[in-house]
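Protein chains in written order, with my numbering: chain S, 1 to 241; chain E, 1001 to 1391. We put the CB at the ideal spot given by N, CA and C, even for glycine. Everything numeric in this text was worked out from a predicted model, so none of it was measured.
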């Protein structure tokens, strides 16, 4: 999302569709969380996103479980909004493994403009999904984390299910969960270095061995692309009648 | 012969001992027992390091990761249609059910809706996956308790369901049949009648299992009151599926989730719950669910609407920018995909929320204080697939 103020945009665009249940939930969240709630994004009939102040992460999660009746812990994970071009497709240039140390931004790494629903100012975001069985509604919570030292207090004492999810997020993204009772590797070997789900961690399989599909797939000539699309649509129409 | 000093030898032994030590530290009087990595109860390679005090478990720590394949990273270098091939292999016993939430998430982002017939066939295949999946559980639960007959029944009858899945999709285990906007193919001729006959046989299978196990004294003694999970704990750990309905929570996404994309709201069926929260309750709920699923398939086969099976989608699929989280009630529990798209051919990030990951994270809690043989029955009754934990 390039437009950080997506919330108002959507409300204007889909005025006809009003999601009363989620609007009410949002009002309740706004009241309970106060200024810890930084931004929100609501798609009527679909889902609700909120972004909260990472400095008050524990307060927010505590309020979600105990005051706002979100008893069900769905998942906790991370997002990395930095775009590392290399390794993305089989033919994208690869700047070498040391590219991330290059101050000139080598290796084709570009930073995104704004990020995702409910916005964001930083490269890393924490992603939490909780659900309320009584309401039948869930909410996705995001929080911005510092790029150099992504750190946040653990919430595994509030939602015990977060324990494993925080371990996974720690080893995959390198977010440090302060106070976690057992922050050790979950999937990867103990001496594993690097954080695989960060965007600047190259998928070596793609570098060592070219994408197997690339040898027998020829790119479609540009002038044919539109024609083929049209033909496919017509064929689909023909099937219907 | 090289001379080895005592000191060297001692340090060698110390390093070996350090290597052998698991996450659980040894204490005097305690014994550490490694369950797995290879054990029939684990459906793959999970190791559970159990610290014992006599016959009782002091601490149990599951050690996952033997099958980690990095699917979340791999999705980032695949196009959207290619991702279904990967996610098929997450929960390999209910492969088709893995594809559905991902495809639904992509459809939601693209604002595409599958035609009615495709939704119905999706639902049929979804439920067939559930029957194949859970029937194996029903037999397997007997094996955990030393009863071998149920598992042979299960393998015999599950094959019938797999045959139907194969007849429709071409793949016994990994159908890769779901497409953005619909399905790859329509059903073959005569499939409906065969499926209904199969469902009849599966109902007989459920009755057989019920006769073999439910009334069995040993089964009741080993399962009743064992591994009790209270509802609020189950929720806070994010358990789902029969594990949560076995704790008395009446919550099934087939009924309570977004019902517009699958055909569950158009037929008559019910959600089964059991108040006890023990191993027996979880088994009982799964048995009822399997039986209910055969009825669902019957009704869907009867009411299957005509029409196309594919919506109009561009030949080259580019998914517009946005985020979507779609979660469905899979055989093991809730499976969801948080898909972030940047308007590209492939997803920017996919967070795979698999049921077994949450279901197994409760093991350290639930195993505290139980006896060693119960560890196996509790693991069996929680029912997980390693691919679904490790992804």
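Could you tell me whether any Cβ in chain S is nearer than 8 Å to the Cβ of residue i?
i, result
"residue 1116 of chain E", "no"
"residue 1134 of chain E", "no"
"residue 1314 of chain E", "yes"
"residue 1070 of chain E", "yes"
"residue 1089 of chain E", "no"
"residue 1237 of chain E", "yes"
"residue 1065 of chain E", "yes"
"residue 1184 of chain E", "no"
"residue 1216 of chain E", "no"
"residue 1247 of chain E", "no"
"residue 1329 of chain E", "no"
"residue 1264 of chain E", "no"
"residue 1361 of chain E", "yes"
"residue 1353 of chain E", "yes"
Where does residue i sit, in a helix, a strand or coil, going by DSSP?
i, result
"residue 1329 of chain E", "strand"
"residue 1196 of chain E", "helix"
"residue 1427 of chain E", "Residue 1427 of chain E lies beyond the residue range present for chain E, which begins at 1001 and ends at 1391; the question has no answer from this structure."
"residue 1113 of chain E", "coil"
"residue 40 of chain S", "strand"
"residue 1031 of chain E", "strand"
"residue 222 of chain S", "helix"
"residue 1185 of chain E", "coil"
"residue 141 of chain S", "strand"
"residue 1337 of chain E", "strand"
"residue 18 of chain S", "coil"
"residue 229 of chain S", "helix"
"residue 1126 of chain E", "helix"
"residue 1351 of chain E", "strand"
"residue 47 of chain S", "strand"
"residue 1178 of chain E", "strand"
"residue 242 of chain S", "Past the edges of chain S, shown from 1 to 241, lies residue 242 of chain S, and the structure says nothing about it."
"residue 1324 of chain E", "strand"
Just checking: is the beta-carbon of residue i within a distance shorter than 8 Å of some beta-carbon in chain E?
i, result
"residue 163 of chain S", "yes"
"residue 123 of chain S", "no"
"residue 160 of chain S", "yes"
"residue 12 of chain S", "The predicted position of residue 12 of chain S is uncertain, since its pLDDT is 45 and thus under 50; a value taken from the coordinates is nonetheless stated next. Not an interface residue."
"residue 136 of chain S", "yes"
"residue 232 of chain S", "yes"
"residue 51 of chain S", "no"
"residue 18 of chain S", "no"
"residue 44 of chain S", "no"
"residue 69 of chain S", "no"
"residue 129 of chain S", "yes"
"residue 116 of chain S", "yes"
"residue 133 of chain S", "yes"
"residue 191 of chain S", "no"
Following the continuous alpha helix (DSSP H) through residue i, name the residue where it begins and the one where it ends.
i, result
"residue 1232 of chain E", "1231 to 1236"
"residue 1303 of chain E", "1279 to 1303"
"residue 1391 of chain E", "Careful: residue 1391 of chain E lies outside any alpha helix (DSSP H) and carries neither H nor E."
"residue 1160 of chain E", "1149 to 1169"
"residue 1219 of chain E", "1217 to 1223"
"residue 184 of chain S", "Element bounds for residue 184 of chain S: n/a, residue is neither H nor E."
Name the two residues that bound the continuous beta strand (DSSP E) containing residue i.
i, result
"residue 153 of chain S", "151 to 153"
"residue 1049 of chain E", "1047 to 1053"
"residue 1061 of chain E", "1056 to 1063"
"residue 75 of chain S", "72 to 80"
"residue 1315 of chain E", "Neither: residue 1315 of chain E is in no beta strand (DSSP E) and is coded neither H nor E."
"residue 1212 of chain E", "First-last for residue 1212 of chain E: undefined, no H or E at that position."
"residue 130 of chain S", "124 to 132"
Round the Cβ separation of residue i and residue j to the nearest angstrom and send it over; I've been treating them as touching at under 8 Å.
i, j, result
"residue 1271 of chain E", "residue 1245 of chain E", "7 Å"
"residue 46 of chain S", "residue 159 of chain S", "In fact, because the Cβ distance is near 24 Å, the residues do not count as touching under 8 Å."
"residue 1372 of chain E", "residue 1116 of chain E", "In fact, because the Cβ distance is near 53 Å, the residues do not count as touching under 8 Å."
"residue 1189 of chain E", "residue 1389 of chain E", "About 40 Å separates the two Cβ atoms, so there is no contact after all."
"residue 1084 of chain E", "residue 1102 of chain E", "6 Å"
"residue 1223 of chain E", "residue 1280 of chain E", "4 Å"
"residue 137 of chain S", "residue 21 of chain S", "6 Å"
Does chain B have any CB closer than 8 Å to the CB of residue i?
i, result
"residue 77 of chain S", "The chain inventory of the structure shown lacks chain B, comprising the protein chains S and E."
*Given 8 Å, three or more beta-carbon pairs between the region 1313 to 1333 of chain E and the region 1149 to 1158 of chain E*: no
_Sufficient close CB pairs (3 or more, under 8 Å) joining the region 119 to 130 of chain S to the region 138 to 155 of chain S_ = Pairwise C-beta distances place the region 119 to 130 of chain S in contact with the region 138 to 155 of chain S, as three or more of them are shorter than 8 Å.
*Could you tell me whether the region 1120 to 1133 of chain E touches the region 1143 to 1152 of chain E, using the rule of 3 or more Cβ pairs below 8 Å?*
These segments do not touch.
*Could you tell me whether the region 1257 to 1266 of chain E touches the region 186 to 203 of chain S, where touching means 3 or more Cβ pairs closer than 8 Å?*
no
_Stretch-stretch touch, CB-based, cutoff 8 Å, three pairs: the region 1172 to 1180 of chain E with the region 1090 to 1097 of chain E_ = Touching, yes, given that three or more Cβ pairs across the two stretches are closer than 8 Å.
_For the structure I just gave you, are there three or more beta carbon pairs, one from the region 75 to 84 of chain S and one from the region 1345 to 1357 of chain E, closer than 8 Å?_
yes
*asked:* With a threshold of 8 Å, are at least 3 pairs of Cβ atoms found where one atom belongs to the region 1324 to 1333 of chain E and the other to the region 1230 to 1250 of chain E?
replied: yes
*Sufficient close CB pairs (3 or more, under 8 Å) joining the region 1103 to 1110 of chain E to the region 1196 to 1205 of chain E*: no
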